[in-house]
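Okay, so the sequence shown: first residue is 38 according to my numbering, each after it adds one.
Note that beta-carbon positions come from the ideal geometry of N, C-alpha and C, so glycine has one too.
What follows is a set of notes on a single structure, which appears directly below.
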Amino acid sequence: MYGFHGRLLQIDLTSGKSSQHELQESRLRAFLGGIGLGTSLLYDYAPPGVEPFSPDNPLIFTSAPLVGTGLTTTAKFGVITKSPLTGFIGDSLSSSHFALELKRTGVDSLVITGQAASLVYILISDQKVEIRDAAHLRGKSPNETQAAIRAELNSPTIRVAAIGVAGEHRVRFATISNEGRHAGRGGAGAVMGSKNLKAIAICGDRVPLVCDSDGIAVIATRLRQRSLSSLTDKYRNIGTVANLAVFNRLGVLPAHNFQQSTFDDAEALSGETLSETNFARRHGCASCSIRCERLFKSLNGEEQRLEYETLFALGPLCGIKEPEAVLQAARLCDQYGMDTISTGGTLAWAMECAEKGLLPEAQNFGLCFGRPEGILSAIPIIAARQGLGALLAEGSRRAALEIGGDSSDWAMHVKGLELPGYEPRGLKTLALGLAVSPRGACHNRSGAYEADFSGEVDRLQSDSGRGALVAASEDYAAVLDSLIICKFLRKCFTDFYGEAAELLNRVTGWDCSASELGQIGERIQVTKRLFNQREGWRPQDDWLPPRLLSEALPTGVAQGVALTATELKEMIRGYYETRGLDENGLVPLKKLRELELFKPPADGIKSCQATKHDGY
Ligand code: SF4
């Protein structure tokens, strides 16, 4: 087999045993790697109905066919588990040297199950697995953990992915971090913490053969050249923080917990201003020619990585206008290992509760819109689950259910995952994308907003045709996330499916066509829905928070524009129709057969929801 090892390593932390299993080529061709492979493995390895913090919930790391080929932006890996925030699929990507090293371990995936009796870390080196005591690493940040493990092993280049204090305390939006990058959304770090697993340290020297290295080199050169052209100007010039000023101008910058759609102090926080006043340096993931990362300097001279979502969530969403406060809050989130979007979303919810007299503890704590001290004091207590922090560590949906009143109306989430920094009322294709996304309010598993921003559709109007746009965008994202290629390279393809199929074939020796690749994207998406259905998804889970459907856009150029429940329902109907789902959003048997997701047992099948597919 080319491009893959064809092996999976399962590590059971309860028994301390590990075993290798074959990964059949048919499964790899059906799901590729990254998010696709992880989705397929989660379906098979997670017992139906498993609790996210149960030892039986698998924590799955996946590599992908393009990793390690030298192609720009492909040094990435997937982390897939049942999310403790949503109860559905939690699929994240992270990047850089850990991804390259994972590929060299000689397996395509790690499946970690069980729970260690005390805090441990896993060392995978020279094809051996060791489970080591990590008591001395308790309380350390991911960076400190990496430094300590490197010193202990006398190995300055060993790659480490670790949780911080938030993961140790099962904060439901804890991250798994490596080299300043994060498997960020959905709480994979909390699952890792529930297994008493502080870190995974890896080094290896096994690289799978590729079928046509000369052919890959030609394409790699072409893509690299394109990646340095005007097609990626935004990412190379200012980075994603450039979004803030643009979104503000378009009236789609959520502020004050989505009570405003513009931010009065946007200029003070804009990427342009930050670049002038706080710029430290440009950085990037391993094997990347775009290098979109921007590090900004705090007053004390410390450098902090900042991207748009962090800037939005810890800035305008919480009414914070001081760049210094946002940089400090971002540093705390990185240090404790917490998703910045869910952290900002949950804090903004608490601020609104305090403002409306529902959460006096938050008010006493100083959690008010626009007050930096409040968020800077709150982040550490969330990470440690102390006092009010124990409530906020549950995320906005659970916290709202706990305190009751109208507070659920102000919890801005889909399926329990807090909303990213795009205002759905002014980006109606995105609104649909968020509502139906299997992992909750996610802007990464579909790029539905592109149709809105490109002018391809009227972003302030809706129609049932948006379903087709969202489905196509999800399939496209699924292929990118499974090959894996960074989304910031997407504009460098002129015929994405054709070029990506050629790339995949040169790596694997397959004869995958552009249309087969498209079908793989669809298969991955449908398998995510199948997983969610098995885990209790209901039609009302494909929906948006009440505020977005009851209040018109309050500020900005699109002030007064509303998104109604009828509009959303019609767009969802169009989406289900395009996807070939039934009117309740369930995956019918016909679709399973069409996507070869299912081998019918001899005695026939009554319901696809209850049926575990049995591989390829
Ligand atoms: S473009 Fe940015 S996120 Fe993508 S691989 Fe490069 S540095 Fe990483």
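Of the residues the options, the one placed nearest residue i, counting alpha carbons only
i: V116; options: G143, L78, F530; result: L78
i: R66; options: P84, M38, Y82; result: M38
i: F349; options: L369, I378, D145, Q372; result: I378
i: S55; options: N180, E62, R64, R44; result: R44
i: S231; options: H58, S178, A153; result: A153
i: V166; options: T142, I186, G622, R342; result: T142
i: L581; options: K606, C549, R566, P417; result: K606
i: C390; options: Q296, S146, G308; result: Q296
i: G546; options: E62, H58, Q57, G53; result: E62
i: V87; options: T109, R610, G75, S120; result: S120
i: G573; options: I72, G407, G124, G201; result: G124
i: F490; options: A171, V283, D619, A305; result: V283
i: R476; options: G223, G176, S146, G107; result: G223
Residue i: first and last residue of the uninterrupted beta strand (DSSP E) it sits in
i: K165; result: 165 to 170
i: H219; result: 218 to 220
i: Y158; result: 157 to 162
i: F316; result: 316 to 320
Counted within 10 angstroms of its Cβ, other Cβ atoms place residue i as buried (16 or more) or exposed
i: S129; result: buried
i: T564; result: buried
i: H42; result: buried
i: H173; result: exposed
i: A399; result: buried
i: L46; result: buried
i: N215; result: buried
i: P576; result: exposed
i: V255; result: exposed
i: K113; result: buried
i: K140; result: buried
i: I48; result: buried
i: T258; result: exposed
i: E339; result: exposed
i: K649; result: Since pLDDT at K649 reaches only 33, below the 50 mark, its modelled position is unreliable, and the value read off the structure follows with that caveat. Exposed, since its Cβ has fewer than 16 Cβ neighbours within 10 Å.
i: A188; result: exposed
i: N337; result: exposed
i: A639; result: Reliability fails at A639, whose pLDDT of 42 lies under 50, so the model's placement of it is uncertain and the value that follows must be treated cautiously. Exposed.
i: R286; result: exposed
i: L634; result: buried
i: N621; result: exposed
i: T601; result: exposed
i: G40; result: buried
i: E455; result: buried
i: A236; result: buried
i: D495; result: exposed
i: S52; result: exposed
Expected contact under 8 Å - CB spacing of residue i and residue j to nearest Å
i: N103; j: I557; result: Looking at the sequence provided, one finds Leu at residue 103 rather than Asn. Actually they do not touch by this definition, with Cβ atoms about 14 Å apart.
i: L404; j: L384; result: 7 Å
i: L526; j: I327; result: 7 Å
i: L585; j: R462; result: 6 Å
i: A203; j: P179; result: Between P179 and A203 the Cβ distance is about 10 Å, and since that is not below 8 Å, they are no contact.
i: L354; j: F333; result: That pair is no contact at about 18 Å.
i: A595; j: L497; result: 6 Å
i: P92; j: T150; result: 7 Å
i: S298; j: G593; result: 5 Å
i: V197; j: L50; result: With 8 Å as the limit, V197 and L50 do not qualify as a contact, their Cβ atoms being about 17 Å apart.
i: A514; j: S483; result: 5 Å
i: W386; j: A437; result: 7 Å
i: N402; j: S414; result: According to the sequence provided, residue 402 is Phe. The question's Asn does not apply to it. F402 to S414, Cβ: 7 Å. Contact.
i: R72; j: D518; result: Correcting the residue identity first, residue 72 is Ile in this sequence and not Arg. With 8 Å as the limit, I72 and D518 qualify as a contact, their Cβ atoms being about 4 Å apart.
Delimiting residues of the alpha helix (DSSP H) encompassing residue i
i: I256; result: 250 to 264
i: A303; result: 303 to 306
i: T383; result: 377 to 392
i: G558; result: 551 to 571
i: T347; result: 345 to 351
i: V473; result: 465 to 473
i: G424; result: From DSSP, G424 is part of no alpha helix (DSSP H); its letter is neither H nor E.
Beta-bridge partners of residue i, as assigned by DSSP
i: E340; result: K334
i: V148; result: Q47, I97
i: T142; result: R243
i: N215; result: R218
i: V594; result: Its beta-bridge partners do not exist; DSSP assigns none.
i: A130; result: Checking the sequence, you will find Leu at residue 130 rather than Ala. According to DSSP, L130 bridges with G115.
i: L454; result: V451
i: E59; result: R44
i: I237; result: I159, A198
i: K54; result: D49
Chain B contact for residue i (CB, 9 Å cutoff)
i: Q596; result: This model lacks chain B altogether; it includes just one protein chain.
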